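Q:
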Amino acid sequence: MSLDPVLTRIDTDLDAALERLKDLLRIPSISTDPAYKADCERAADWLVSDLQSLGAAAEKRPTPGHPMVVGHVDGPGPHLMFYGHYDVQPVDPLELWDSDPFDPRIEDTPDGKVIRARGACDDKGQLMTFIEACRAWKAVHGALPCKMTFFLEGEEESGSPSLVPFLKENAAEFSAPDLALICDTGMFDPRTPAITTMLRGLLGEEVTITGPDKDLHSGMYGGIAMNPIRVLARIIASLHDDEGRVTVPGFYDGVSELPEEIRAQWDALGFDEAGFLGAVGLSEKAGETGRSGLEMIWARPTCETNGITGGYTGDGFKTVLPSQASAKISFRLVGGQDPHAIRTAFRDMVRAMLPADCSVTFAEHGASPASVMATDDPAFEAARRALSDEWPNPAAFVGSGGSIPIAGYFKALLGVDSMLIGFGRDDDRIHSPNEKYDLESFHRGTRSWARVLAALSKE
Ligand code: BES
Ligand code: ZN
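The sequence shown: position 310 = 310 (the working numbering), numbered continuously.
1) What are the uninterrupted segments assigned as alpha helix (DSSP H) that are 4 or more residues long and contained completely in the segment 349 to 418, given in chain order?
2) Where DSSP assigns a beta bridge to I209, which residues make up the other side?
3) For D74, which three-state DSSP category applies?
4) May I have the straight-line CA-CA distance separating K124 from E157, to the nearest angstrom?
5) Can you name the start and end residues of the alpha helix (DSSP H) that K22 belongs to?
6) Which residues bound the alpha helix (DSSP H) around C40?
7) Take the Cβ of A171 as the centre, count every other Cβ of all protein chains shown within 10 Å, and call the residue buried at 16 or more, exposed below.
8) From N393, S418, P355, pick the residue whose C-alpha is nearest to that of P228; which is it?
9) Under 7 Å from any heavy atom of the ligand BES, does the C-beta of I195 make it?
10) How would you label L54, buried or exposed, when you count the other beta carbons within 10 angstroms and need 16 or more for buried?
11) Compute the Euclidean distance between the alpha carbons of V140 and L7, then round it to the nearest angstrom.
12) So which residues touch the region around the ligand ZN, with touch meaning a C-beta under 7 Å from any heavy atom?
13) Residues in the same chain with beta-carbon distance under 6 Å from L294, minus the five sequence neighbours each way, listed in chain order, please.
14) Between the C-alpha atoms of A454 and V398, what's the straight-line distance to the nearest angstrom?
15) Just to confirm the assignment: which complete alpha helix (DSSP H) runs, minimum length 4, are found wholly within the segment 58 to 118?
16) From the DSSP secondary-structure annotation, give me the bridge partner or partners of F151.
17) In the DSSP assignment, what are the bridge partners of C183?
18) Verify whether the separation of the beta carbon atoms of R451 and D389 is less than 8 Å.
19) Given a cut-off of 8 Å, decide if S368 and G408 are closer than it, judged by their beta-carbon atoms.
20) Using only the heavy atoms of the ligand BES, determine whether one of them is closer than 7 Å to the beta carbon of T129.
21) Would the segment 282 to 292 count as touching the segment 370 to 380 if we require 3 or more Cβ pairs under 8 Å?
22) Have a look at G254 and V372 and give me their C-alpha separation to the nearest angstrom.
23) Taking 8 Å as the CB-CB cut-off, is F271 touching chain D?
24) Return helix, strand or coil for R263, following the three-state DSSP convention.
25) I'd like the list of long-range same chain contacts for H79, defined as Cβ closer than 6 Å, with 5 residues on each side in sequence excluded.
26) Using only the alpha-carbon positions, how far apart do A17 and G77 sit?
27) Using 8 Å as the Cβ pair cut-off and three pairs as the minimum, do the segment 188 to 195 and the segment 85 to 100 touch?
28) Nearest CA to the CA of V320: which residue from G223, D438, W449?
29) Can you say whether T313 is buried or exposed, counting buried as having 16 or more other CB atoms within 10 angstroms of its CB?
30) Taking Cβ positions, are Q126 and G401 nearer each other than 8 Å?
31) For S218, does the three-state DSSP call read helix, strand or coil?
32) Any idea what DSSP makes of F331, helix, strand or coil?
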């Protein structure tokens, strides 16, 4: 089955493909907010019927949370499994959006045309690149070049709570694909496509410190009563030392230095640190002393406070000494770091810093280790060549600072390796206001998948 007519079909079908993507983007499938539960169902229904239109036996499959969308297409050649997620992040702060996040529009920008909406990149635009590539194969040749399982999740942005139980319960159905393809990552730069070979793990903790049993007047009680915000601030400030290292005991167990070969590969990529920071209004690296920028993002673990609450944060001023203060803290993990051991060490450290009269409670928000892909599989070289044929620069093997725990679960539960290919750009503002996806990412991304499917099916 030849590739060229498939690529041509993708070109001529681009406008219709964009309309389909816009339809999906109009559905506000925010997984973390229960108010959008019905919208998550609608997004799943939309995908089921879209996959059915490709000839897939597709179904919405219930979970205790949002449904999975599963589709199977029989075919020759290797059995590939495709993973993407149809849920999106919340949109707040809404006032920072220049247009309605769920009214997608095509905009001209100095860097070319973009489609702007929540999920335009992460992950609806990305997952549709793969579906559109399959649609073109089917339209031109009447079939896909290989056997395919589609597996689309609706809880990725809220930690995939139903995923492991679902895979375990349905292990037979998902047994033995040759490879999983995941489209939820970025390019190295706008001219250089990438296969992501390392992902950081993620551990989430929410800490709530309680001091007095009610909010107090800070004049009547300030000085004599302990303020839980003061305790929390001291704990957060102590999580890093002056060299930028994380101080949780045992945190670096399982973290190794970058192998020389990988360091040389990454150095050769010529990462523009100043440009990367400059694009977000910064100029100085904030990580561990003596580490390169790429190393900090791709190969070193971190601790970040993602949010703090406590006391009066509304307009004006209120002299209150609050009863409670809380913080959401996440750790990105690398190498063999054990998320559960770090959770225990972190909690012990916090408890040891509590003054008398203060108590702490913890809530957990996910724990997944880092993963490294098996790049010695010849499929990786085949895919690298296929991507290099589509883009101006040859494809690079890169790391990623983000986390996609699913890659680790596929390996652990199904024994399947994952190949992560995505077409996001650093300036796509994923998880931020005004998220966008370049039409070039969408169009060439779709063409890239058509090429990758051809290359993997030839193996
Ligand atoms: N698509 C992202 C992961 C990603 C981000 C890959 C940036 C490459 C570059 C994914 O949807 C995501 O945001 N994952 C979460 C993890 C999840 C458990 C909340 C993340 O990395 O914070
Ligand atoms: Zn995301």
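Backbone N, C-alpha and C define an ideal beta-carbon position, used for all residues, glycine too.
Nothing here was measured: the structure is a model prediction, and the numbers come from that model.
A: On the basis of the coordinates in this document:
1) 378 to 390, 406 to 409
2) Along the sequence shown, read from residue 1 onward, the residue named residue 209 stands at position 209. Answer is A325, V360.
3) Translated into the one-based positions of the sequence shown, residue 74 becomes position 74. Here D74 sits in coil by DSSP.
4) The residue given as residue 124 occupies position 124 in the sequence shown. The residue given as residue 157 occupies position 157 in the sequence shown. Taking the straight line joining both Cα atoms gives about 12 Å.
5) Your numbering for residue 22 matches position 22 in the sequence shown. From DSSP, the alpha helix (DSSP H) with K22 extends over 14 to 25.
6) In the sequence shown, residue 40 corresponds to position 40, counting from 1. Counting along the chain, the alpha helix (DSSP H) containing C40 begins and ends at 37 to 53.
7) Position 171 of the sequence shown, counting from 1, holds the residue named residue 171. Classification for A171: exposed.
8) Taking the first residue of the sequence shown as position 1, residue 228 is located at position 228. Among N393, S418, P355, the Cα nearest to that of P228 is on P355.
9) As a working note, residue 195 is residue 195 in the sequence shown. For the ligand BES, not one heavy atom lies less than 7 Å from the Cβ of I195.
10) The residue labelled residue 54 in the question sits at position 54 within the sequence shown. Answer is buried; the Cβ neighbour count reaches 16.
11) Mapped onto the sequence shown, residue 140 falls at position 140. Mapped onto the sequence shown, residue 7 falls at position 7. Rounded to the nearest angstrom, the two C-alpha atoms are 10 Å apart.
12) Q89, D122, D123, E156, E157, I430, H431
13) The residue labelled residue 294 in the question sits at position 294 within the sequence shown. Here the set comprises W266, F271.
14) For the purposes of this step, residue 454 is identified with residue 454 of the sequence shown, where counting begins at 1. For the purposes of this step, residue 398 is identified with residue 398 of the sequence shown, where counting begins at 1. Rounded to the nearest angstrom, the two C-alpha atoms are 23 Å apart.
15) none
16) Reading the sequence shown from its first residue, position 151 is the one you call residue 151. According to DSSP, F151 bridges with V70, Y83.
17) Here residue 183 refers to the residue found at position 183 when the sequence shown is read from its first residue. In DSSP, C183 forms no bridge with anything.
18) As a first step, residue 451 is located in the sequence shown; it is residue number 451 there, counting from the start. As a first step, residue 389 is located in the sequence shown; it is residue number 389 there, counting from the start. Contact: yes.
19) By 1-based counting over the sequence shown, the position of residue 408 is 408. By 1-based counting over the sequence shown, the position of residue 368 is 368. Yes, the pair counts as a contact, with Cβ atoms nearer than the cut-off.
20) The count along the sequence shown starts at 1 and reaches residue 129 at position 129. Flag unset: Cβ of T129 not near the ligand BES.
21) no
22) By 1-based counting over the sequence shown, the position of residue 254 is 254. By 1-based counting over the sequence shown, the position of residue 372 is 372. So the two alpha carbons sit approximately 14 Å from each other.
23) Of the protein chains in this structure there is only one, and it is not chain D.
24) The residue labelled residue 263 in the question sits at position 263 within the sequence shown. In this structure, R263 counts as helix in the three-state DSSP scheme.
25) Here residue 79 is taken as the residue at index 79 of the sequence shown, counted from 1. Here the set comprises K147, P177, D178.
26) To locate residue 17, count along the sequence shown from 1; it is residue 17. To locate residue 77, count along the sequence shown from 1; it is residue 77. Cα to Cα, A17 sits roughly 27 Å from G77.
27) no
28) Along the sequence shown, one-based indexing puts residue 320 at 320. Minimum Cα distance to V320 is reached at G223.
29) On the sequence shown, position 313 is the one that residue 313 refers to. It is exposed - the Cβ of T313 has fewer than 16 other Cβ atoms within 10 Å.
30) Within the sequence shown, the letter at position 126 stands for residue 126. Within the sequence shown, the letter at position 401 stands for residue 401. Result no, Cβ atoms of Q126 and G401 do not sit closer than 8 Å.
31) Translated into the one-based positions of the sequence shown, residue 218 becomes position 218. Three-state result, S218: coil.
32) Looking up residue 331 in the sequence shown gives position 331. F331: strand per DSSP, three-state reduction.
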